[in-house]
Amino acid sequence: MKYVHAFMLSLVAVGVLAFPAMLNAASLDPIDTTGVQVQRQEQNGISYLSGGIGEDEAKAIQQTTGYNLHMTFSVGPQDEYIPDVQLLIQNAKGPVLTLSQAGPLVYVQLPPGKYTVVATRNGEARRDVTDVGSGAARNLVFHWNEAN
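Residue numbers for the sequence shown follow UniProt numbering, beginning at 1 and rising by one.
Listed below in structure tokens is the structure:
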């Protein structure tokens with residue numbers, strides 16, 4: 001019985017460790033690049049991507065590496081992606097990135113530090129504070145209840 005428990009525990013551990021890899025593998029589906037319009041942009045020395053209209057464009061952004069802040073903008077009960085967000089990212093010294101008509105996905109490469117992110121849609125603001133480091137990317141989701 002002792003060996004059965006050890007074997008089952010080993011199987012569970014392997015499954016838990018493999019699960020994140022399986023999730024990432026799903027996002028590696030082929031992309032039809034003919035419709036992808038996303039290009040790396042820069043403002044105030046900060047590199048970013050903004051887009052994700054359509055499945056191929058969203059996949060292209062999600063498969064991109066090198067960005068340590070990932071943001072998603074959605075609306076309504078269906079969590080529909082929205083591309084019409086005013087975005088402000090600031091640190092203690094002030095604004096570092098300001099975008100209009102951003103989204104539905106925005107990936108940013110920021111220097112390590114603490115940032116306040118304000119996403120505004122139709123005058124309704126959503127705010128979050130995050131610490132960005134050199135490790136794994138931070139993921140922020142901003143959601144509005146009404147499509148307006």
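Glycine included, C-beta positions come from ideal geometry on N, C-alpha and C. Computed from a predicted model, the values in this text were never measured in an experiment.
Can you list, in chain order, the residues of its chain whose CB lies under 6 angstroms from that of residue i, leaving out five sequence neighbours each side?
i: Ile89; result: Val96, Leu97, Tyr115 and Val117
i: Phe142; result: Phe73, Ala119 and Arg126
i: Asn139; result: His70
i: Leu87; result: Leu99, Ala102 and Ala119
i: Asn91; result: Gly113 and Tyr115
Here's a check: name, in chain order, each residue in its chain whose Cβ is nearer than 8 angstroms to the Cβ of residue i, leaving out the five neighbours to either side.
i: Tyr67; result: Ser47, Tyr48, Leu49, Tyr107, Val108, Gln109 and Ala137
i: Val79; result: The sequence shown places Asp at residue 79, rather than the Val named in the question. Closer than 8 angstroms at the Cβ level, and outside the excluded window around Asp79, lie His143.
i: residue 151; result: Residue 151 is absent from the structure shown; the chain starts at 1 and stops at 148.
i: Tyr81; result: Gly52, Ile53, Ala58, Thr72, Phe73, Ser74, Gly103, Pro104 and Leu105
So what does DSSP say about residue i, is it helix, strand or coil?
i: Glu55; result: helix
i: Gln62; result: helix
i: Tyr48; result: strand
i: Ser134; result: coil
i: Val85; result: strand
i: Asn139; result: strand
i: Asn91; result: strand
i: Gln39; result: coil
i: Tyr107; result: strand
i: Asp79; result: coil
i: residue 166; result: Outside the displayed span of the chain (1 to 148) sits residue 166, for which this structure offers no information.
i: Glu124; result: strand
For residue i, I'd like the list of residues in its chain whose CB is within less than 7 angstroms of its CB, leaving aside the five on either flank, ordered along the chain.
i: Gln101; result: Pro83 and Asp84
i: Thr64; result: Leu49 and Tyr107
i: Asn44; result: Val96 and Leu97
i: Val38; result: Leu49, Gly51, Glu57, Ala60 and Ile61
For residue i and residue j, which I take to be in contact (beta-carbon distance under 8 angstroms), what is that distance rounded to the nearest angstrom?
i: Leu105; j: Gly52; result: 4 angstroms
i: Pro112; j: Val132; result: 6 angstroms
For residue i, decide whether its Cβ has a neighbour in chain B, counting only Cβ atoms nearer than 8 angstroms.
i: Tyr107; result: The question asks about chain B, but that chain is absent: this structure has only one protein chain.
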